[in-house]
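Structure record follows, encoded as structure tokens.
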Amino acid sequence: MRVPLSWLRELVDLDQGPDELAHLLTMGGLEVDHVAHPTAGIRGVVVAEVQSREPVEGSDKLHRALVTDGRATYQMIAGAANFDAGDRVPAALPGARLPTPSGPLEIGRKTLFGQTSEGMLASLAELGLGDDHAGIWVLDGDAPLGVDLAEWLALDDAVLVLEVTPDRGYGLSLSGVARDVAALTGAPLRLPSAPPAPEVDPGVRVDLADPQACPRFTVRRIEGVDARRASPAWAQARLVAAGMRPISAVVDATNLAMLETGHPCHAYDAQRLVGGRLGVRRAHEGESLVTLDEVERACDPDDLLIVDDAGPVGFAGVMGGARTEVDEATTTIALETAAFDPRSVLRTARRHQLLTEASQRFEKTVPPQTVAAAADRAAQLIAEFSGGRVTAGSDAYPAPPEPVTIPLVPARARSLLGIDLPDLAQRRLLASIGCEVGEPDPESGALPVVPPDYRPDLTIPADLVEELARLHGYEQIPESVPSAGRVGGRLPAEAGERVARRALSGAGWTELLTLPFVADDDVAALRLPDDDARRELIALVNPLSKDEAALRTSLLPGMLKAVRRNVARQLRDVAVFEVGRVFLPPTPAEPGAPLGPGEDGFALPAEPLHLGLVATGRFRADRFDDEGRPADVYDLLGAIDALRSALGREALDVRPTDEAPYHPGRAARLGLGGIELGVVGELHPRVVEAFDLPPRALAGEVRLDRLVADGVVAPELATPSPLPALRIDVAVVVAEDVPAAQVEAAVRDGAGALLAEASLFDVFRGAQVGEGAKSLAYRLRLESAERQLTDADGAAVIDAIEERVRARLGGSLRR
Amino acid sequence: MADHDPPTVDDVVAARDAGLAALAAAGDLEALDEAKRVHLGKRSALAGLQRGLGALDDAARREVGRALNEARQTLAEAEAARREELEAERDRVQLAAEAVDVTLPPRTPPRGALHPVRETIDALLDTFTGLGYPPVTGPEVESEWHNFEALNIPADHPARGLMDTLYVQGLGAEPDQVGITPMLLRTHTSPVQARVLRAQEPPVYIVVPGRVYRSDVADATHLPAFHQIEGLAVDRELSFADLRGTLAAAVRSLLGPEVPIRLRPHHFQFTEPSCEVDAYYDGRWMELLGAGMVHPNVLAACGVDPEAWQGFAFGMGPERLAMMRHGVTDIRQFVDGDLRFLSAQTTVSP
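For the protein sequence lines, the chains are A and B, in the order given. All residue numbers for the first sequence refer to my numbering, where the first residue is 1 and numbers rise by one. All residue numbers for the second sequence refer to my numbering, where the first residue is 816 and numbers rise by one.
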């Protein structure tokens, strides 16, 4: 909503400047987004009269006009021909300045096609008034010759640009804004009012089929209209400043009235209404309407229509029809001013993509109570601008709403606001916006408050509490910090997630976030088997694009695409992780969240929290003295291991796996204490190819929710043995296909209770160990808190290990 | 001096001086060791004189013996001093030869970075856990009731249209003729208010971080999926002043202790009175968050008696805050995954 300050000043007696007023309104509940000065800097433009106009020889566009400002005659060359001798027009005399977005433009003399132009004739746009470049602005005949246009039309005006919230529909009218200014400053209001139309049959029958959808419908008849007239220049300037385009006297009057009162109204050519009737009803199947913009639109049965005997003449509250439009031949007008159900208007406006000035007002609720006064005001302006007379009026208002009485308990308001606002002050503040406040209920102490007609948004006590707060001033609210009555802190899983993310970043992995949408193709590229749960995508009804058609069931597609973008930017050494939810059909083991009351027949998805990892290129970067190292599966295993150790959890259970989307010989399935976590590994070469990644790209995806479920487990810290430890090395020879984990298990088992630490320090293949075999060498540290260990203890451990290696793995020790 | 002549003080002085000269003349530690052996060792002149003391009478023996002691002491000190000099010289030469160029690149251990939005969320969570609000989460795919109905957003409210909300189908949820299903991507974290209020008797103090969704094509200031942090406090006597104080404390803990805040009237369906909160930051008022007193319809819908309980709720956008803190001008950077953007360490929580 654009509020020209000069117009506002007519309605309320205020002396604040635009910036002060903007602050006042913003802090009072009508947010001023910014203050515009569209015409700032205009100077030296006067009202001139055209004496003659003729085409410039040799040009098919330019016209030569002689104009006078009453003192001298000027020759001006114009690029438009929408004016004639006798018209009054804005003339920028030599030395004048016109506003442009980049600053004032000085107008001088210049020569075009051999003709000198002494200044220029201006369009509305050239004066900073909107974007209408179509022609020279032809002023009405009453424009006083020779006066300074800016002074005469108060053009050097500030415009407050309001962002009106949906509850404050009154903010979409000059009078509503003026009322708030009056309430916030105490300045007196001067709202215009028009005499009521004669209560005579206007010759248009009104029938309301659905009083819920249209509670009130008034008609005003204006006769003797000269529809060819333009509206007065002041009205045009005002409309443009408010963001609308001047069209004709009649249309401009209805728009001006709407801006002033907040009530949209629509002028029909009364002679074109077939059957002398206006009805309001829902559309019938198959009906269509050619709207004012000359577009034929098929009606939906939910559309609320205005109809005459020949069919639709308008979408109620949205846009009128072309068939009954006022044109230059019109002499009698039937003016509709009505109230419509805001939801219905909104639906129609959205359905047909017709977000008009009218629909925007109706969707924020236009109160039925003030319709008649607004109708009279609009009729008055039409008559005034077009030379007609208001001759008749009717008012269909079958069920005026009962006035709402809201019980406001002043003590409750004080408690909710946390301020000591006495009863009397509350009464005074509510009265300032036009509420009628009665005497308090002796039992509850509640004040009966009847809100004013222009505030249909006020319905419950909380609404009044908000009014009290804003009128008293949000800035007057003190600050106090309540105690939650307990110590705050993260829940274990939240704390665990935080520790996990920090452990990963400390270990060289960078966190990213991707959008959680996927397409079928993304999942297909993972080459998952048909029965894989990740292929069961949950689809969006209205995705933003076909690449974002469903919710992700795996973090990998989004992450792999992000990695590809990095590689394309020559950032080839990548080690990234993401923590986020995936969306899977619920199962009895993992149900989705419960539904709300009254909801059934569907189920919310399960949303497990996953950790994804992707690496390409070198994990340890090249350095001048060190060649670095490409990332491999052990870097991924190390990342998960670092994370589980940060969480204080026991060692991972690692098994080889050949599942998609991984390399069948280079992937591991992970578990922890019998709980499945997920898989890490090198990606399958075909998957690498599908995502256009560098060879040997690695990835992993695990159930972070399961890893962090118990939060950070505090480790037990036993007192270390004070006695010297014994170190021994054992080399185990086993067949090539025996996994290292089984060898280590045998070693640990054999070392038994004395083992403090075991680490694999060498893997060897060669003639010494024989074909098809390998040697794994472990270094053990043995400790006892009770006694000094001797070489005999070491020998016993080696024997025990050898026995297990032989029995379980068919291997031997190199001794 | 003959070997078998009885020793005299002059003999001692001569031996001492010879020793001092040799020590001084030693050019390296090896020469010094040799000089020490010759002049202070078992076969040194001083040792010989010592052996001759027995031939002297008591008075002479005392006199020469004292001289011997002094000479030995002098030589030992001179040797130690010379040794220190020579060692220092050896070190100087040797360590100079071992010098490395410390301006070569450091061997920094591989280290990742945390996402600026997640870190901003963590900083906010720290603030609110400090005030006694534990974090809780809820589902991102929500039911209509939780996302809208419970929050006083009626069936034909514009926010429920396909232009604003992303709807989800399947799992029994089928679109109506417009395309609306009872299942959607939550448009705010507020449905968690309803879930918690229905599950738990007040008093309730919680903070809710999480991802939310809108039907917005990504541009410099919009993402279809972004984050919110929601707070909810419901108790017997909570007021708008408590809301203001709580938010002021939170904003100051995040942006600085002196940062002024202001409350501006605003409209939200699920709070009344409602406000937007601005902080004066970087020389201007910046909109930070929306808040208000919990609407009585919301309390009632969740089975909480609005006459007995009252409270406040607030919601803020970590992306917006992260943009402020890190000078980010295009919100899409947060979900692109560009390592040049992400690799700067952004930890902000203490």
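We put the CB at the ideal spot given by N, CA and C, even for glycine. Only a predicted model underlies this, so the values are computations on that prediction, with no experimental measurement involved.
{"Asked": "Test: Gly-485 of chain A CB closer than 8 Å to a CB of chain B", "Found": "yes"}
{"Asked": "Same chain, Cβ closer than 6 Å to Glu-802 of chain A, five either side skipped, listed in chain order", "Found": "Leu-813"}
{"Asked": "For Asp-180 of chain A and Val-1011 of chain B, the rounded distance between their alpha carbons", "Found": "38 Å"}
{"Asked": "Residues from the stretch 301 to 322 of chain A in contact with chain B, defined by Cβ distance under 9 Å", "Found": "none"}
{"Asked": "Inter-residue spacing [alpha-carbon to alpha-carbon] between Gly-387 of chain A and Asp-226 of chain A", "Found": "6 Å"}
{"Asked": "4 or more residues per run - each alpha helix (DSSP H) lying fully within the stretch 721 to 774 of chain A", "Found": "740 to 751"}
{"Asked": "Under 7 Å by beta carbon: chain A residues contacting Thr-944 of chain B", "Found": "Gly-488, Gly-489, Arg-490"}
{"Asked": "Neighbour list for Val-1032 of chain B in chain A, Cβ cutoff strictly below 7 Å", "Found": "Leu-544"}
{"Asked": "Minimum Cβ-Cβ distance from Met-1138 of chain B to chain A less than 8 Å", "Found": "no"}
{"Asked": "Cβ separation of Pro-202 of chain A and Arg-221 of chain A, assumed to be a contact under 8 Å, to the nearest whole Å", "Found": "4 Å"}
{"Asked": "Euclidean distance between Cα positions of Glu-607 of chain A and Gly-592 of chain A", "Found": "7 Å"}
{"Asked": "Extent of the continuous beta strand (DSSP E) run through Ser-288 of chain A", "Found": "288 to 290"}
{"Asked": "Bridge partners - Tyr-634 of chain A, DSSP secondary structure assignment", "Found": "In DSSP, Tyr-634 of chain A forms no bridge with anything."}
{"Asked": "Euclidean distance between Cα positions of Ser-432 of chain A and Leu-162 of chain A", "Found": "22 Å"}
{"Asked": "Proximity below 8 Å, CB of Gly-618 of chain A to CB of Arg-629 of chain A", "Found": "Checking the displayed sequence, the identity of residue 618 of chain A turns out to be Arg instead of Gly. Contact flag set, yes."}
{"Asked": "Tyr-982 of chain B, DSSP secondary structure in three states", "Found": "strand"}
{"Asked": "Boundaries (first-last residue) of the beta strand (DSSP E) holding Pro-461 of chain A", "Found": "From DSSP, Pro-461 of chain A is part of no beta strand (DSSP E) but of the alpha helix (DSSP H) over 461 to 472."}
{"Asked": "Complete alpha helix (DSSP H) runs within the stretch 103 to 171 of chain A (minimum length 4 residues, chain order)", "Found": "149 to 152"}
{"Asked": "Residue-level contact to chain A via CB, Asp-1061 of chain B, 8 Å cutoff", "Found": "The displayed chain sequence assigns Thr, not Asp, to residue 1061 of chain B. Thr-1061 of chain B counts as touching chain A."}
{"Asked": "Strand pairing of Gln-75 of chain A, partner residues [DSSP]", "Found": "A:Leu-66"}
{"Asked": "When A:Ser-483, A:Leu-604, A:Leu-636 are compared against Leu-504 of chain A, the one with the closest alpha-carbon", "Found": "A:Leu-636"}
{"Asked": "Close-in-space but distant-in-sequence residues of the same chain around Gly-119 of chain A (CB under 7 Å, 5 per side omitted)", "Found": "Tyr-74, Met-76, Ala-91, Ala-92, Leu-93, Pro-94, Ala-96, Ile-107"}
{"Asked": "Limits of the unbroken beta strand (DSSP E) element including Gly-681 of chain A", "Found": "675 to 683"}
{"Asked": "Glu-934 of chain B beta carbon near the ligand PLP (any heavy atom closer than 7 Å)", "Found": "The model depicted lacks the ligand PLP and carries no ligand whatsoever."}
{"Asked": "Beta-ladder partner(s) of Phe-217 of chain A, from DSSP", "Found": "A:Ala-338, A:Ala-396"}
{"Asked": "Backbone CA spacing between Gln-984 of chain B and Arg-552 of chain A [nearest angstrom]", "Found": "14 Å"}
{"Asked": "Rounded separation between Arg-414 of chain A and Ala-36 of chain A - CA only", "Found": "38 Å"}
{"Asked": "Interfacial residues, the stretch 405 to 428 of chain A to chain B, with Cβ spacing under 8 Å", "Found": "Ser-415, Leu-416, Leu-417, Gly-418, Ile-419"}
{"Asked": "Where the beta strand (DSSP E) containing Pro-664 of chain A begins and where it ends", "Found": "662 to 672"}
{"Asked": "Residue-level contact to chain A via CB, Val-983 of chain B, 8 Å cutoff", "Found": "yes"}
{"Asked": "For Ile-1146 of chain B, the residue or residues it bridges with in DSSP", "Found": "Its beta-bridge partners do not exist; DSSP assigns none."}
{"Asked": "Partner residues on chain B for Phe-340 of chain A, Cβ-Cβ distance less than 8 Å", "Found": "Chain B residues near Phe-340 of chain A: none, gap ~13 Å exceeds 8 Å."}
{"Asked": "Chain B residues whose Cβ lies nearer than 7 Å to that of Tyr-474 of chain A", "Found": "Leu-1078, Arg-1079, Pro-1080, Cys-1090"}
{"Asked": "Where Glu-607 of chain A meets chain B, residues with beta-carbon distance less than 8 Å", "Found": "Pro-954, Glu-955, Val-956"}
{"Asked": "Cβ-based contacts, 8 Å cut-off: residues of the stretch 906 to 935 of chain B near chain A", "Found": "Leu-919, Pro-920, Arg-922, Pro-924, Pro-925, Arg-926, Gly-927, Ala-928, Leu-929, His-930, Val-932, Arg-933"}
{"Asked": "Three-state secondary structure (DSSP) of Pro-1111 of chain B", "Found": "helix"}
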